[in-house]
Every structure is written in C-alpha cells, then in structure tokens.
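Chains as they are written, first to last, in my numbering: chain A, 5 to 334; chain B, -12 to 327; chain C, 15 to 545.
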C-alpha cells in the first residue's frame, strides 16, 4: 500500500466510517473556536488552579472558620459572598471548594487513566476474544447513565475523598479504554499491512510509535472533557449527600443546604457555589476544545495522524454522529 | 430491494444478539456492587429491637444467606420473569413501584426531550446557517455553558426566580391535590388531553414546566453543537449545491433541503442522549420533588433498600439498552452504510 | 418508643383545595356557618405502613390514630385515659394481673361488620403472633400472658406480671382494633389497606404512594363524627416546598416539619395562624460506655459540662427549640432540670478541666473524639446542630472533635450493632409511645433496652428500681423513684439531654381547631375550615 497522497486525507481504518475529505472539512473547521475564547477558558481554569493552591493566602477565612462571623449575612465588604446559616463565609467555601474539586478531579482522572489505558492497550494489541469481551463489558458500562453509576457506587462506598473519586472514575474508564483500543487496533492493522511491504522495518517499533502519537493526540482532549464531567459529577454526588464528609467545603453539598435558604429569600448561598461550578466546568471544556484544535493540525502537519477523530466524544458525552453501540465489532 | 431488507434483517438479529450479553454485563455489575458494598441491608431495614435470631430469619426469608452464585442465578431468573424484587422496607413489589412511578419519569423525559430538540435544533440550525458570526459563536457558547451548569443548580435558580419571586410556577410536586385526571396512560398531560379535562391539563402543565425546561435546556445545549455540525455538513452537500445552482433562494435551500436532513441525526442523537436524560432526570426529580423513578432510586439508596435499588437500576439498564437498540435499527433502516 | 424514620408530625388538615381552575368548592352549613367539606393537610413526612401491627413511625401513628379505634385512649386532649370501644375503664384484679373490659353495644367497622370482643382478641393476638420486627409489638407482648373473649361483650387480658403502665400501652396504636374480615392473622397488610373504625376511613383507591392520601368520614365511627368530611393529606419532600404551599394557600394546614428559619418566617407571617408549640422529640447525646474513653465517668461529665444549651438553641435553631435539662419530656410533672443543677447552665472551663484531671488526663492535653449523627432523619438542621456541638466542645480547648455522619438507614442499626455498637458518642432522639415517665426511663437505662440507644449501660441496682416503679400503682409511690433515676443519669452522665423539639401547626386564617394530642398526633376530627 502506498503512503497517503496528502497529509490531510484520512487513512482508512477498517472500522471507522468512510467519509470523503470535504465532508470532514466542515467538521474539523466547525470544531474550531476562536482563539480568544479558548484562551479565556484556559485562563478561567488557571484562576481556579491558582485559587485552589493559594487559598489560605488569598482570603483570611478558611472554609470552616466560624468565629465572629454573623449568620446568614447578605454579601458585604467583609463577606463578599455572604455567610451561611452556621456562620461559614461563602467566599471561603467557594475558594476551598475549588481545592476539593480539583483534588477529586485529578484523582478520579488518574484512576480512570490508570485502569482504562492499560486495558485499552491490552485489548487492542491482543485482539481476539479477550478484546471482544473487554469491548463488550466497556460498552455496556458506557451505555449506562454515568451519573447513576457514580451515585450507586458512591452510595455504597460511603463518604470520603477517595470513595467519591473512585465512584466518578468508574464512569470514564470505558471512555479511555475505547479510544485507546480503537487507535491501537487501527494502527496495528495498517502498519502491519505496510510493514509487510517495507523492508527491514520492525512492525513492533512502528506500532508503538504510532500508538504513542495517537495516544498523545486523543488523551488530552478526553482528559479535559473527563475533568469537566468529574467536577459536575462530584457536585451531583455532593448534592445528593454522597460526596465528602461535612463540614469539608464542597460546592454540591453547599448547594443542597442552600435549597432551604431560597424559600426565605436568601440567594447568596445558592448562587455563588453554582457559578463556581459553571465557570470551572466551562473553562475545562473550552480547554478541551482548544486542545482538540491545536493537537490535530499539529500532528497532521507532522504526518502522524493515523485515524480521524470521528469516534471522539464531544463535550456532553455525545459522540458526533455515531451510536455508541455501533463501535462494537462482531 | 430484497437484498437490502435481507441485510437489514441480519443486522437486526446481530444487534439483538449483542444486546443480551450487554444486559447481562450490566446486571452483573449491579449485582456485584450491591453485594460487595459495605453495610448490611437487613439491619439497615429492621434497625430497631431485633434479636439476632430474627435477623437470621429475615435474612433467610429473603434468601440472603445463600451462596452468592445461587443468589446471582435467582436474581437473573427473576429478572427474566419480570420480577424486580421486593422492597426490603415496604415489602412492596418493586415492579409495582416501577409501574406506578415510571409514567412520571416518562412524562418528564419526553417533555424535556421535546424542549431539548426545539432548543437544540433551533439554535443549532441557526448557528450552522450563520456560521462564524456572533450568532454562531453565541449558540455554541450557550451550548457549552448550559451544559456546565449543574441541573440541580439551574433548577434552584429557576425555582428562586419563577416560583419564589414571581409566583408563576410551583416549586415542586407533580400536580395539585384533587386535580388528577382520570388514569389512562399515567401521563397527566396526556390523560388530561384524552379526557378533555382542561383544568387538569392546565395544572399539570404548570407543574411540569420548570422541571422539563431545566432538564430540556441542559440536554438541548448538547444538541446545539451536534445539530450545528450536521447542518454545516449538509449545507455543503452535493444536492444542496445543486439546489443552489438551480437558482433556488438560499432561505429555501436551508429550510427545505438542509433543515430536513439536519433532522435525521436528531434521532440518533436523541438515542445517544437518552442515557444522559435518565441521569439528568434523577437530579431534576430530586430538585423538584417530582415523584418519578429517579427520586425513588435516591430514596431507596438513602434507605439502603438494596432490592429496591437493584430493581430500579435493572429497569434502567433495560431501558437504556432497549432505546439504543431501537435507535440503531432505525439508523440502519435509514442508512444502509451502517450495517455490518 | 418508636424511632421515627423521618420527622413526621401530623397536624390537622383542614381547608379546601384552593386551586387555580379547580372549581369545586363544596361546603355544608353547620350551626349556621358555612364550613368546607374538604381540607388539605401538607406534610413533609412520608407514609410507611398503615398496619397497626407494623407501624412504629410518627406519621403512620397519626393516620392509624384517626382511622382505627382502641379499647381506651387519651382522646383529643388531656392526659387521662378514656374508654373508646370499651364502655368504661376496665376492672383490674387486686393482683394487677387481670384486666376485664366491657365493650360498648352495636359497634361497627367502617364496612359495617360488627366490632366486638372477638375482633379485639383477634387484633391483639395478631400483633403478638406476627411480632413484626421493628414494630411496637414488644410494648404489648412483654407483659402479656393471654387475651380471651368469653362473650361478644367482654375482653379479658391476663398479664404475666403486674405493670402499672399497661393501660397506657393499650392506648397506643399497636392495640388498635382491626377488622378480622379484612386483615389476615398471618400477614402484614399492605399500605393501602385500612380497616378499622376511627373518625375516618380510607378507600384504597385514594392512596397515592408518595403523593397523597384521602380520608373520608367514617359513618360507623366508634369515636364520633369528625367536623370535616374529607381530609386530603399531601406529601412534600422539601420543607421549603411546603412553606411555599401554605403561603400560597395550596394547603390549609401545614404540620411537620420545618427548619428553624422557616418556622420563624411562618410565625411572622400575618396571613397564617400558628397553633402551638407542641413539644415533640427529646434530643440527646448518648455515651457508649463500652467504648473508650467514654467508659470513664469523669470524662463523660467533662463533656456534659461543656454544653451550652441556650447557645445551641440560638445558633442552630434560631431559638425555636427548648433547652432540655433532664432525660424526660418537660411536660411531665416528673421533669426537673437535674443537669442544670449538676453542671450549670453555661459551661465553665475550670469545671471541665477538673473533671478531665479526675479522669486522668493531664492538664492541657487535647483529647480526640468522634461525634456521630445521622443525616436525613431528624431534619436538615441536624447537621447544623452537630457542627455547633463540635464548636462548643472545642471551645473548651480540651477536645478535638471529628464530625461523622451516616444515613439513617445505616446509622440506626450501627448504633446498636453487636457486640458493642459502632459509635462512642452519637446524637439520638426519643419520642413517647405512651404517656408515662417509665417510657423515658426503661428505654434508656434498663439493661435490656439501653443497647438500643447504643448506651450498653447495665446496673442491677437500677434494674431493681425500674422494676419497682413499674410494679407500683400510685403516682406518689412512683415519683420519688423516677426522681432518683433521673438524678442517677445526671450524676453518672450516662446521657446528655440537649433540647426538646417544638412543632407548630400553621394554618390559613379560615381554619380552626388545629391541635395535637398528648402523643403529638394531629387531631383531624377537630379541624374546621370556614368556607
């Protein structure tokens, strides 16, 4: 087989749907956000990371300080986001909640990758019934509503940072598995075909090189989407009462307490933690968009792309124009 | 023609075969999680004065002292018979609870889906049509931001604005007392329509509004981007170019040709979003105290009612896999390239 | 004493549904004044079982109270027992072992079948036979020997040992008279089945799981006719939703359970009437004396001396609850603020330090303890109370408190999980089954029942005194024993009483007659809404 005529033409992994290049162009371009927006997203994320790390230096109250703080005070100069019914400073709770959100997010993503990546490599490389079996298992988990899975697991593991992270990680293991495994399979088949005709090239080195670059290509994008979803899922768990032990500041938990304040017209305990979630999740999603835009053209230029990203998950968990189950190859 | 329907049949059969192991895997996962989790469901349910002999009795009665494999087998067998178990706390059949409360969840998800489609297709088409303009950017940003807003928070903000401050909508519940329509389907809006009970229709719509809008907006946000992508693809397709070449005005091109085809992936996307819809429904039902299966699941979880949780999760698994099967078959019918 | 699953209080409902578009505003004229036919009662409680042999929660108790009758009961007000199905209070044999009841004539169940001594025997035997775990059956069966109905009008109850509180126990809903034609002696009935003869009856079609229950007046009522024909009980999951509902006139009566901030707001609302406060649960800390360091009496006393109940009330409850200084409801005559006498009203660090030194902890040492509470049983202000308690303990400078929580479904069994419970220090509550101080003593410090609270206290001397007061028949003989026992609890710091919950009944101004009885049931039969 010959090498592709142009770097922009996709190779044809046997499994991914065939689409002419010009059909792809709008999709690729459609995904591109203006640079300014992406940088804004990165900026927002950076702000949260900064806040999470330096919270004690930024604000004089911690998330659990209560002495000399009035109860249910409206936002003022002393307490910019107001105070709660048990004398917590809401601004402090938001700052320290960022710390917890990032901790759980990193931990859950790490667990997801630590399990999903090796499994995907293994399945893709070995093939056969092991591959089919793992794909079936992962697809089944993938099909089920992620939030429900996380809730059920968290409810039975109990509260705590590690338990919450483990519950959230379960949802994204299939994602990493799928993408890695798909790439490995497609790259492996192509390269073997090519290598059969090349002289002296050791298939294994080429396979690993291509795998590596494909991994680099897709993991960061999934990572940022995963991170965004992890923040949302943690908030959901906290809202239902399955996050961490109170009084650790956690946005979702604070929101569930804030529901009661609403009927009395107290709005500040509900608005600010929610806004924090919105901003952090948006920032992470936009970063994911930006990564998608940057990495794709970069690798295309270098001639390293093996597969198109049609199977990639768009923010929101939907796969652009494809049914999840269709990816299962009999 | 016969060749095409032949391969469709093969496709359907193959997909059906795949469904069974997928279901099995999900059910096994549920079973394992519930059995290995810490905590004892019997003491949890009968926590009060219960001598150890009576605990053992109850445990034996519920079959929880048998080896795990046997329990697993009987779980699968009862599911195959449509028996979703018995709630430990209320001793009611979980199947009966599902039957009673599923219409509420169905009504909510259907209404939310309609709103999501209106929002998603509307905004997405406009964004795709006016590509790279502020409208486009606004639409896509809306899609991202609305998804980033936690459903329960969005619901709370709506409650604050529309229920507490403006008194237009109630804060929660499904219908006002004494106002239920006669039971036909269990969906109050539909039943009100079918029986011509206009006051009941009005009340049930009032209660349905906020939860459906909340869930619908969030799902709609995801749809915006997907519809937009497909809109762009369609606008560049051959037949659209041909229509333009024939001199048909652009707006007609968009409305007649591109728009109609942009709807095709909506079916697919609806199916894809169904899982997200179910998950979002749980949070929505909790926020608005909507008496559906989602809030029931949360109640069972906090009550450590293992059979109840197991029953509802099993039911959801059936739903999700059933819907995705349906979508795939629909897709395969429409698009022959998709088949194996 | 029953442990309520969620705070459940029922307050009378009265009022027509005033809904947009719902026309029917039926009413009747009563005594020259138009009264509404229907009243809506909103509550955040949830339904469990309506079978008297099973129900042991606050809400179902209220429902059963209104839909079934018993031989005797406390009636709508006061704390003296009155005959209901019985024609008069029973004859009690001199040895205190035999109670003979004579039934009234011509009593009927809601479906018209005869309510006689055989039905009573059936009901009591059924409770004993089913002995549903987690029910109040033990109240009846502990001292019960046999029940017989020699003829249709006579019921003879024989006890194994004399029990001064047995009449009070017979007034509890577990002794309700159920219809033998509907109930089976071998199985618990489902939630939809109500077959008794109280003020109201319930048609199974009107039972909407988790949403609403409709009660209709029972023409054959043993207890008399209610003032309002139909009561609709509507369930709200969130107290904020109920608050809005009563403010926007969606419900006529709102009872149970509001957060302190909501109670304050509703009390201040001039468009609503507030009846009460009625005293509800008592709340306290339990020490598990089998867990270190709580096995040391002086250590426990140090903790008891660190609590400022008034400040707890203000910080966590907006001042809406009542500080409690003894392990008994303040409405009883036997209540005396022993904990205030022994430990003072405001904590003094010097006292705390001296107790800790006596316990063997060197001055200045900070001791780590875990404080456990449940999340979803006592209302959402529980978390606040837990945090405030932690702060008070840490304010002494000698404790480092970690707050831990569990859902009630896991928390409750863990409290008394064998062999010695899971927690060392937990927050718990107690609600009376029957109106007698014994119900505030035996469950806490008798060897058999203290483990249900997670206390695991046992002392033969105390056992003897409990047996004494149970056997004694005259109040003047029992009072000093009770005083002695409550003082023992304070001196040994076996428990730390904290506060007493109060509940208000909030109604529209058009509703009158809202009251609770001595067992804090909402009396539906008294509610009237003027149309």
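The C-beta atom is built at its ideal place from N, Cα and C for all residues, glycine as well.
As the structure is a prediction and not an experimental result, all values here were calculated from the model.
By the neighbour-count criterion, in which 16 or more other beta carbons inside 10 Å mark a residue as buried, residue 264(C) falls on the buried side. Between residue 397(C) and residue 250(A), the CB-CB gap stays under 8 Å. Assignment of residue 179(C) by DSSP, reduced to helix, strand and coil, places it in the coil class. For the region 215 to 248 of chain C, the continuous beta strand (DSSP E) assignments of 3+ residues that do not extend past its boundaries occur at 226 to 231, in sequence order. The region 260 to 270 of chain B and the region 143 to 163 of chain A touch, with three or more beta-carbon pairs separated by less than 8 Å. A Cβ-Cβ distance of about 5 Å is found for the pair residue 101(C) and residue 116(C), placing them in contact under the 8 Å criterion.
Assignment of residue 420(C) by DSSP, reduced to helix, strand and coil, places it in the strand class.
When only Cα atoms are considered, residue 228(A) and residue 68(C) end up about 53 Å apart.
The C-beta of residue 271(A) comes closer than 8 Å to at least one C-beta of chain B. Rounded to the nearest angstrom, the Cβ distance from residue 487(C) to residue 178(C) is 5 Å, consistent with a contact under 8 Å. Considering only 271(C), 480(C), 258(C), 278(C), the residue with the shortest C-alpha distance to residue 266(A) is 258(C).
In the DSSP assignment, residue 514(C) falls within the beta strand (DSSP E) that extends over 509 to 522.
Exposed is the label assigned to residue 239(B), since fewer than 16 other Cβ atoms lie within 10 Å of its Cβ.
In terms of beta-carbon proximity, residue 87(B) lines the interface with chain C, with at least one pair separated by less than 8 Å. The Cβ-Cβ distance between residue 185(A) and residue 232(A) does not fall below 8 Å. DSSP places residue 301(C) in the uninterrupted beta strand (DSSP E) bounded by 286 to 301.
The Cβ of residue 198(B) sits no closer than 8 Å to any Cβ of chain A.
Counting along the chain, residue 56(C) sits inside no alpha helix (DSSP H); it lies in the beta strand (DSSP E) bounded by residues 52 to 57. The shortest CA-to-CA distance from residue 359(C) to any of 294(C), 366(C), 343(C), 339(C) is the one to 339(C).
For residue 231(C), no CB of chain A lies under 8 Å from its own CB, so it is not counted at the interface with that chain. Where residue 169(C) is concerned, there is no enclosing alpha helix (DSSP H), although the beta strand (DSSP E) around it starts and stops at 168 to 173. Closer than 8 Å to the CB of residue 166(C) there is not a single CB belonging to chain B.
Leaving aside the five residues that flank residue 106(C) on each side, the residues in its chain whose CB is nearer than 6 Å to its CB run, in chain order, 113.
Contact annotation: in the region 272 to 285 of chain C, residues whose CB is within less than 8 Å of a CB in chain A are 273, 275, 276, 279. For residue 406(C), the enclosing alpha helix (DSSP H) covers residues 395 to 409.
Within the region 284 to 312 of chain B, 286, 288, 289, 290, 291, 292 place their CB atoms closer than 9 Å to a CB of chain C, listed in sequence order. Bounds of the beta strand (DSSP E) holding residue 159(C) are 158 to 165. Taking the Cα positions, residue 147(B) is about 29 Å away from residue 168(B). The residue among 374(C), 492(C), 467(C) with its C-alpha nearest the C-alpha of residue 313(C) is 374(C). Remark: three or more beta-carbon pairs, one from each stretch, lie closer than 8 Å, so the region 295 to 303 of chain C and the region 510 to 520 of chain C are flagged as touching. Of all residues in the region 239 to 253 of chain A, the ones placed with a Cβ closer than 8 Å to any Cβ belonging to chain C are 245, 249, 250, 251, in chain order.
Contact annotation: the region 185 to 200 of chain B does not touch the region 239 to 251 of chain C, with fewer than three C-beta pairs closer than 8 Å. If you look at residue 103(B), you'll find it in the alpha helix (DSSP H) that goes 81 to 116. Looking at 361(C), 404(C), 420(C), 427(C), the one whose alpha-carbon comes closest to that of residue 389(C) is 420(C). For the region 138 to 160 of chain A, the set of residues with a beta-carbon nearer than 8 Å to any beta-carbon of chain B comprises 140, 141, 143, 144, 145, 147, 148, 149, 150, 151, 152, 155, 156, 157, 159, 160, in chain order.
For residue 312(B), the CB contacts under 8 Å within the same chain, skipping 5 residues up- and downstream, are 2, 3, 6 in chain order.
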